[in-house]
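Shown next as C-alpha cells:
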C-alpha cells in the first residue's frame with residue numbers, strides 16, 4: 001500500500017492507510033497502549049489494543065523505523081483530530097539503541113556540546129529541525145527573489161592561490177604540492193562575474209580560521225552573496241537587499257507557519273554613519289559602531305520608524321575593505337552600508353570601485369596576490385556593488401537562537417571537526 | 001532615464017530610451033558608423049551619423065562600458081528589427097584595454113588554456129556564457145524538481161576529519177594545528193540527514209585531488225546530491241533521478257531556447273549489468289563496463305528503445321563502495337545503477353545499507369575514521385538510497401562540450417590554481 005504522510009491523515013477518515021516513520025514515544029497503560037510515530041510531516045497517534053502487538057511494543061524502542069497500516073479513526077483528543085486504530089506494525093529497522101537524550105520532550109535537555117556530539121540524532125528533535133528547515137527556506141527565498149530579477153547563479157572556486165582579502169584567518173591547503181588557501185568569500189569572483197552576467201549570486205560555503213570561540217563564529221558557514229552592475233550607487237544595492245530579506249522572511253514563514261517573522265518595511269529607514277553616531281550618543285570621531293551603539297540604533301529605529309530593520313550608510317573608509325567605493329564629495333566616508341536587525345549587524349555591503357586606476361591607487365600600487373583580479377578591471381567594468389549574508393547567523397537572529405551552531409547541521413569551529 | 005534591456009527595445013519603437021552595456025564592436029564606414037553594444041540580454045545596433053560622436057568612437061574601445069540614449073527606430077536589417085538612432089553616448093568606465101582575444105567573433109579563437117588564463121574576459125563570449133548559463137539553469141531545475149517533492153536542502157561540512165570514503169585523492173588542510181581534509185562528497189552527511197528530513201539534497205562544491213590531467217576531471221566541481229528514505233529499493237531512486245534529469249533539461253531549454261535538449265523518456269529503459277555485458281559483447285566475468293561497452297549500450301538503447309538515456313543496474317558489489325546495498329538473492333551484485341547518456345556514464349547511485357550490523361560487516365569490523373557515521377545507524381534509519389550528479393560534467397555532455405572546463409567559471413585542476 002502506498003505510504004501517506006501524517007499530515008494527510010485527516011483526509012482519509014474511515015479508510016485503511018499505511019504510514020511510516022520513527023517510533024517517537026510509547027505509552028503503555030492498563031487497558032491500551034499508544035504508539036506515537038513521527039514522520040517528516042508530524043506525529044501520528046496509534047492505538048494498540050491487541051495484546052500480541054502490545055507485547056511487541058517492547059522491542060519497538062524509540063527511534064526504531066516502522067511502517068504501520070491501520071484505520072483512520074476520528075478522535076478529537078488526538079493531535080491531528082484522528083488516530084490510527086487496529087494497527088499492523090512492521091519494523092523497517094532493527095530495534096534502535098536508546099538515543100543519548102530524549103527526543104520526545106518539548107525541549108532538548110542535553111547541553112549544546114552533547115547535542116553536537118550526537119548531531120545526527122539531535123537534529124531529529126523538533127527545535128533543531130525547525131532551525132535547519134528555516135535555513136533551507138531562507139536560501140530558497142534568497143534565490144527566488146533574485147531569479148525573478150534575472151540574476152544568474154554562479155559557482156566559484158573555494159581553493160585560491162592567495163589569502164589577500166583579509167589577510168588573516170585563512171586555512172592553508174596542500175594543493176598538489178603547492179601552498180593554497182580556502183576562500184574566505186567569493187568577493188573577487190562575484191565582482192568579475194558582473195562583467196559577464198551583470199547580476200550574479202552564489203550560495204556556498206566560505207571558510208574562516210576563526211580563533212574566536214563564540215556563539216556567532218563558525219569555521220565554515222554558508223554565504224549568500226550578491227553582486228550587481230549598472231547601479232547609480234549603494235542605494236540601488238540596498239533596494240535589492242531589502243527585497244531579498246523580505247523574500248527570505250516570507251519563505252521562512254511559508255515553510256514554518258508557526259514561526260513569527262518580522263515585518264520588512266517597503267522602505268527600510270536609513271541613517272548616515274555620522275547621524276548614527278549622534279543617535280547612539282557616541283563621540284563624532286568614532287571609526288565604527290560598537291555593539292552598544294547598534295543596540296541604541298535598533299531602539300531608535302523601532303521608536304521613530306516602527307521598524308525592526310535599519311540601514312546605516314557611509315561608514316568611514318578606513319574600516320572598510322580596499323575595494324570599497326568612497327562617498328562622492330566626502331572621501332573619508334564610503335558608499336557602504338550595514339543592515340541592522342533589532343540592533344544587531346545582519347548584512348554588510350556597498351558600492352565597489354570599478355576603475356582599474358582606482359584599484360591601483362587603493363592598493364598603493366602593490367598588487368601582490370591580486371594581479372588577475374585587478375587586471376580584469378582594465379577590460380570595462382560597470383559601476384557595481386553587492387552584499388553578503390551569513391545564512392546561519394541571519395537565521396539564528398530571525399529565530400532568536402542564541403547560538404549560530406543551532407542553525408548549522410554539523411558545525412565546524414575551533415574545537416570541533418566531527419561528526 | 002531608467003535603463004531598459006536590449007531585448008525590450010522592439011516594444012519601444014519610436015520612443016527615446018536608455019540602454020547600457022559593453023562596446024561589443026565598432027564599424028566605421030564612410031558616411032556612417034555602427035556601434036554594437038552588448039548587455040546581458042543581447043546586442044543592440046547603434047547608428048552614429050553625428051561627426052563629433054563618430055570621432056569620439058576612437059576612445060570607445062571594445063569592452064568599454066557605455067550608457068546610450070537614443071531613438072528606437074525600425075530597421076528590418078538590424079539584429080532585433082530595431083536599432084538606436086540619434087544616440088547620446090556616455091562612457092561608464094575608462095576606455096577598456098584590448099581583450100587578449102576578440103570577443104565579437106562567433107567563436108573564441110584562443111585555445112582553452114589562454115581562455116582560462118583570462119577567464120573573466122573569455123566568459124563574456126557568447127559560447128562561454130551559454131555554458132555557464134546552462135549550468136545555472138540545470139541547478140535551478142534540479143532544485144525545483146526536488147522542492148516540488150518535499151525534499152529539504154542541506155548545507156554540510158566541507159572540512160572533514162578523515163578521508164575514508166575513497167581513501168585517495170584528498171586535499172589535506174591545516175585545521176587549527178590538526179590534520180583535516182576537504183570533503184570528496186557529502187555522502188555520509190546526506191545519509192545521516194535522511195534520519196532527520198527523510199529526503200534531502202545538497203548543491204555544493206566537492207574536492208578531488210585528481211592526479212589526472214584530462215578533459216573531464218576537475219579538482220573542484222559542483223555536486224548535486226540527493227538522498228531519500230522509505231524506498232523499496234534502487235528502482236524508487238531511479239524514478240526520482242528520471243524526474244530530476246527531466247527537470248534539469250527542461251530548465252536549460254527554458255533559459256536557452258536556442259539550445260536543443262535531449263528528450264527524457266517517461267520511463268528510462270533499464271538493463272541489469274549481466275544483460276548489459278551480453279549486449280556489449282563483453283565476457284560474462286567482467287567486473288565493470290569499459291567505455292567501449294558503454295558506447296555499445298548507448299547505441300543499443302537508441303536502436304531498441306529510441307532513447308538517449310539508459311539505466312544499467314545491478315553492478316557487481318566489488319566495484320561499488322562499502323555502503324552499497326546488495327541485490328537480494330544475488331549478493332555478488334548490488335542494488336545500484338549508472339545512468340548512461342549517449343553511451344557515457346552520467347550519474348551513479350543506488351540503495352545503501354541501513355542497518356548498523358550490515359555496516360560493521362561490510363567494513364569487516366574496522367570502523368576507523370567512520371565511527372560517528374556508522375554509530376548513527378544504531379538509531380533507526382529507514383531503507384534509503386540516492387545519487388550524485390557532477391554539474392559541470394553533466395552540462396558538458398548535454399551541450400556536447402568537449403572539455404568540462406568550458407562549463408566551470410574559474411576551473412581548478414592539477415596545473416591551475418588561478419585566476
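Protein chains in written order, with the UniProt record's numbering: chain A, 1 to 419; chain B, 1 to 419.
Backbone N, C-alpha and C define an ideal beta-carbon position, used for all residues, glycine too.
Values in this document were obtained by computation on a predicted structure and should not be read as measured data.
- With respect to the 9 Å criterion, residue 160 of chain B and residue 135 of chain B are not classified as neighbours on the basis of their beta carbons.
- Shown here for residue 193 of chain B: same chain residues with a beta carbon closer than 6 Å to its own, the five before and five after excluded, namely 154 and 200 in chain order.
- For residue 191 of chain A, the uninterrupted alpha helix (DSSP H) segment begins and ends at 187-197.
- The Cβ atoms of residue 268 of chain B and residue 309 of chain B sit closer than 9 Å to each other.
- The beta carbon of residue 193 of chain B sits closer than 9 Å to some beta carbon of chain A.
- When the alpha-carbon of residue 94 of chain A is set against those of B:378, B:334, B:222 and B:277, the nearest one is in B:378.
- Counting only Cβ-Cβ distances below 7 Å, residue 22 of chain A has contacts in chain B at 380, in chain order.
- Going by beta carbons, residue 270 of chain A and residue 238 of chain A fall inside the 9 Å limit.
- The three-state secondary structure of residue 34 of chain B, taken from DSSP, is strand.
- Shown in chain order are the members of the stretch 82-104 of chain B whose Cβ falls below 7 Å from a Cβ of chain A: 92, 93, 94, 96, 97 and 99.
- Residue range 371-376 is occupied by the alpha helix (DSSP H) that includes residue 373 of chain A, with no beta strand (DSSP E) assigned at that position.
- Counting every other CB atom within 10 Å of its CB across the protein chains shown gives residue 415 of chain B a total below 16, marking it as exposed.
- Interface annotation for the stretch 214-237 of chain A against chain B: 219, 220, 221, 222, 229 and 230, criterion Cβ-Cβ distance under 9 Å.
- Bridge partners of residue 22 of chain B according to DSSP: B:38 and B:65.
- Counting only Cβ-Cβ distances below 9 Å, residue 357 of chain B has contacts in chain A at 94, in chain order.
- When only Cα atoms are considered, residue 174 of chain B and residue 9 of chain A end up about 51 Å apart.
- Look at residue 268 of chain A here: in three-state DSSP terms it is coil, with no helix or strand label.
- In the displayed model, residue 51 of chain A falls within a helix according to three-state DSSP.
- Excluding five sequence positions before and after residue 213 of chain A, the CB atoms of its chain that fall closer than 6 Å to its own CB belong to 414, given in chain order.
- At a cut-off of 9 Å between C-beta atoms, residue 49 of chain B does not count as an interface residue with respect to chain A.
- DSSP places residue 345 of chain A within a strand segment (E or B) once states are collapsed to three.
- Nearest neighbour of residue 57 of chain A by Cα position, chosen from A:207, A:78 and A:23, turns out to be A:23.
- DSSP links residue 225 of chain B through a beta bridge to B:202 and B:388.
- Rounded to whole angstroms, the separation of the alpha carbons of residue 66 of chain A and residue 37 of chain A is 8 Å.
- Considering only beta carbons, no part of the stretch 260-278 of chain A lies closer than 9 Å to chain B.
- Taking 4 residues as the minimum length, the alpha helix (DSSP H) runs contained wholly in the stretch 89-124 of chain B are 112-117 and 119-122, in order along the chain.
- Taking the C-beta atoms as reference points, residue 198 of chain B is found nearer than 9 Å to residue 382 of chain B.
- Under the 10 Å beta carbon count, residue 397 of chain A is surrounded by 16 or more other beta carbons and is classified as buried.
- Burial state of residue 251 of chain A is buried, judged by a 10 Å Cβ sphere holding 16 or more other Cβ atoms.
- For residue 405 of chain A, there is no enclosing beta strand (DSSP E), as DSSP marks it with neither H nor E.
- Burial of residue 380 of chain B is indicated by the presence of at least 16 other C-beta atoms within 10 angstroms of its C-beta.
- For residue 73 of chain B, the beta-bridge partners assigned by DSSP are B:83.
- In this structure, residue 20 of chain B places its C-beta atom within 9 Å of the C-beta atom of residue 92 of chain B.
- In chain order, 339, 347, 349 and 387 place their CB closer than 7 Å to the CB of residue 241 of chain A, counting only its own chain and leaving out the 5 sequence neighbours on each side.
- Per the coordinates, the alpha-carbon of residue 118 of chain A lies some 11 Å from the alpha-carbon of residue 111 of chain A.
- Spatial neighbours of residue 49 of chain A in its own chain (CB-CB distance under 6 Å, excluding positions within 5 residues in sequence) are listed in chain order as 32.
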